[in-house]
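The opening residue of the sequence shown carries number 30 in my numbering; numbering runs sequentially from there.
Note that beta-carbon positions come from the ideal geometry of N, C-alpha and C, so glycine has one too.
No experiment lies behind these values; they were computed from the predicted model shown.
Inspection log for the structure reproduced underneath, given as structure tokens.
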Amino acid sequence: RLLVGNVFVLTTLAADIFQQHSNPVFGDRLETVHEAEVFDAAQNLLSAQSVATSCSSCISLLQVIKNLSYISEGLFISTLIGACKRTGLDPMVCEGVIREQGPVLRHVIRTINVSGRDGHTMCASTLNSCPYPVVEPWNVTFPKAKPKHVRPPTPSGRELTVLHISDWHVDPLYESGTDTVCDKPICCRREFTNYENVTEPASVWGSYSCDTPITLLESMLEYIPTVADKFDFGILTGDVPPHEVWSTLPYNKTQLIVSSSYDLMHIHFDTPGLINTKLYPTIGNHEAAPTNLFPHNLSQIPKDEDKQFLNLTWLYQTLSESWDGWLESETTLQVVHNSGSYVAYPTDGLVLIGLNTMFCYNLNWWNIENGGEKDPNGIFDWLVKHLQRAEDEGKRVWITGHIAPGDNTCLHDYSNYYYQIVERYAPHVIAGQFFGHTHRDELEIFYKKDEKSAANAISTAYIAPSITPFNNMNPGFRLVFEFCQGSRHSTSSDDHLLYSVYKIDAETFDVVDSLTYIADLDKVEEWDEDGPNWHLQYSARDAYSSSRAKLGPKEPLSPAWWHNVTEAFEDNDSMFEKYYQYRSKSSPLRPDCDETCRANLICGIRAGKSEDRCDYQRDDMDQSLFAEYQRNPERYEYNKDLCSGLTH
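Now the structure itself:
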């Protein structure tokens, strides 16, 4: 009843205020007789716990926010800030996030149908309070039908070594000796530390509740050349800036972090004796300022001169310049004119398609405004064109991006349409897909005809572990090797514990092994002046081969094999526990995983489409959350839902 009363009061008062503001007699005044009442009633509604548990409450909330959006930007933002503070979240975070994101949210909320599909999608994807709308039927158009009989390429026996790093998340303000316990999303900063009462001082090399110090990055970059004689190329799947989501503006602050990070990478990737190979990066949600907000086209941007930075031209130009030398000059132009997506050719026979996957992200508010747009920014048409060209020329393709299509943060419609493309061009064209974003070591399997069996498995998406320890993870990276004359590097002796690679066949470009490196942050006190104890965590081939998932000496890690591995996870407790340990990069802080958790994780591996996930919205047992929520479990349960997405 209180909720209904608040909605009624707000609707009436907001309409009254809107009329006053629209009346030339009153002008564009921010203060009216009723604004204080609106502010009070709105905050009561916004901080009601039911908005995260009831679909009707969430839709009512959106209607109130929409009504507020017509009054003034000032009242809109101040009301949301007040409501955010009432939930118990840190006032500085509330102020920063809403002042940065508020203008775009206000613009978007005014254009959408909050009681229709748009509103239900917003409530489903951000708060999980509404059922997700059924995917709108749409068939992607292909220039040619899929060939019925395609002869698979013959393995060459030659070896390629590929490095995969993701979620760099450098924090230039990280400082050793500061407190690792704070009420902000990330800690280990001077401004968040009471030096008279430091709970747990941050180490020189990093801490579980903090983003990546420069010392940890340099340690990793110096270590990587020791794990292989030669790297054929590397990929970076997004997210360079820190999780400072409340303070990304002015945009040149984020711009400087991005460009400086790539300057450091160029030193190591371009210098003989160091990593010395080309790196093919893709864009992550944290590269934007404000975080997550990637418009589909310039027509979305408000005309105000002071809001033109929202078009992200500055970001695409910065990335074009930062990626120069790794990408050809004509490819860097694609980055500028194609919203960060591009096509490159790392080696003969392989096409690498770097995708800006932000057009699927649930916290990119521009996606909600364009909910009816089937092909955002023409990305699917562009992708199909290059996949078709590769098929015609007999080439293989790797697709790289930040957010995997089966991730719970990828909107269902986009994910469904992307899946159609994979089903059309896999396995004969698409040899692999590579993503990041979750900070965990994971994968997704794609199937033809939605029949989830080994016989129908057609593609695998590898999701790389993060470099950042945030949140409660060990830092890690992955290398990829291919087959070499039917043999591979053994990991059974100490002499070979430095190999952490994807093994890629130089003809088929299939992954023959995936090896992951970590540093055990819980042993930081044992590290000497030489720094982190980087070491091989596991070889996928060695860890998961079993009687249930057999693998011949020359066979790649095929999608069918990975499906068999998931069946072993269902039947074999120790095999699943091994996966669950590796998934968090052996973090000692990982939570327990019961049978429901286990079933959800296995289902997630088999979900190349986000609509197929069994956990529906998020794995509550293992989701990265705001530090304040983690340290204050007595806070409202829905704080978790309100804030979890911002921390990726």
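- In the structure shown, Val191 falls within a strand segment according to DSSP collapsed to helix, strand and coil.
- Residue ranges of uninterrupted beta strand (DSSP E) with 3 or more members, entirely inside the segment 298-330 and ordered along the chain, are 308-311.
- Beta-bridge partners assigned by DSSP to Gln462: Ile428, Ala490.
- In this structure Glu471 touches Arg612 by the C-beta definition: roughly 6 angstroms separates them, less than 8 angstroms.
- Using a 10 angstroms sphere on the CB of Ile296, the tally of other CB atoms stays under 16, which defines it as exposed.
- Its Cα nearest to that of Glu452, the residue Asp479 stands out among Asp479, Asn437, Leu440, Glu473.
- Secondary structure remark: continuous beta strand (DSSP E) runs of at least 3 residues inside the segment 215-276, in chain order: 262-266.
- Per DSSP, Leu379 is one residue of the beta strand (DSSP E) stretching across 379-383.
- Going by beta carbons, Ser98 and Arg139 fall inside the 8 angstroms limit.
- Rounded to the nearest whole angstrom, the C-alpha separation of Lys332 and His325 is 16 angstroms.
- Thr108 counts as buried, since at least 16 other C-beta atoms from the protein chains shown sit within 10 angstroms of its C-beta.
- Using a Cβ distance threshold of 8 angstroms, Ala490 and Gly637 count as a contacting pair.
- Between Gly313 and His431, the gap from beta carbon to beta carbon is short of 8 angstroms.
- Setting aside the 5 residues that flank it on each side, Cys211 is surrounded in the same chain by Phe221, each with a C-beta closer than 6 angstroms to its C-beta; the list follows chain order.
- Its Cα nearest to that of Pro254, the residue Asp299 stands out among Gly267, Asp268, Asp299.
- The beta carbons of Ala318 and Tyr280 sit about 4 angstroms from each other, so the pair counts as a contact at 8 angstroms.
- With a cutoff of 8 angstroms on beta-carbon distance, Thr497 and His136 are scored as not near each other.
- The three-state reading of DSSP puts Phe538 in coil, since its state is none of H, G, I, E or B.
- With a contact defined as Cβ atoms closer than 8 angstroms, Tyr371 and Val364 qualify at about 5 angstroms.
- Per the DSSP secondary-structure output, Cys439 pairs in a beta bridge with Tyr390.
- By the neighbour-count criterion, in which 16 or more other beta carbons inside 10 Å mark a residue as buried, His366 falls on the exposed side.
- Excluding sequence positions up to five before and after Thr360, its CB lies within less than 6 angstroms of the CB of Tyr371, Ala373, all in the same chain and listed in chain order.
- Counting every other CB atom within 10 Å of its CB across the protein chains shown gives Arg187 a total below 16, marking it as exposed.
- Judged by their CB atoms, Ser639 and Ser444 are nearer to each other than the 8 angstroms cut-off.
- Close CB contacts of His457 within its chain, under the 8 angstroms cut and outside five residues either way in sequence, are with Pro176, Val179, Pro181, Glu420 (chain order).
- With a threshold of 16 other beta carbon atoms within 10 Å, Asn396 meets it and is buried.
- Assigned with DSSP and collapsed to three states, Glu204 falls in coil, not helix or strand.
- Around the beta carbon of Ser144, a 10 Å sphere encloses fewer than 16 other beta carbons of the protein chains shown; the residue is thus reported as exposed.
- Between Gly267 and Thr320, the CB-CB gap reaches or exceeds 8 angstroms.
- Between Leu618 and Thr595, the alpha-carbon positions lie close to 24 angstroms from each other.
- DSSP places Pro172 in the coil class of the three-state scheme, outside both helix and strand.
- For the options Trp234, Thr306, Asp200, Leu339, the alpha carbon positioned closest to that of Glu273 is the one of Asp200.
- Judged by DSSP in its simplified three-state form, Leu544 adopts strand.
- Leu356 and Val227 have their alpha carbons spaced roughly 46 angstroms apart.
- If you look at Val372, you'll find it in the beta strand (DSSP E) that goes 371-376.
- The residues Ala548, Asp549, Lys552, Glu555, Trp556, in chain order, have a CB closer than 8 angstroms to that of Asn562 in the same chain once the five nearest residues on each side in sequence are set aside.
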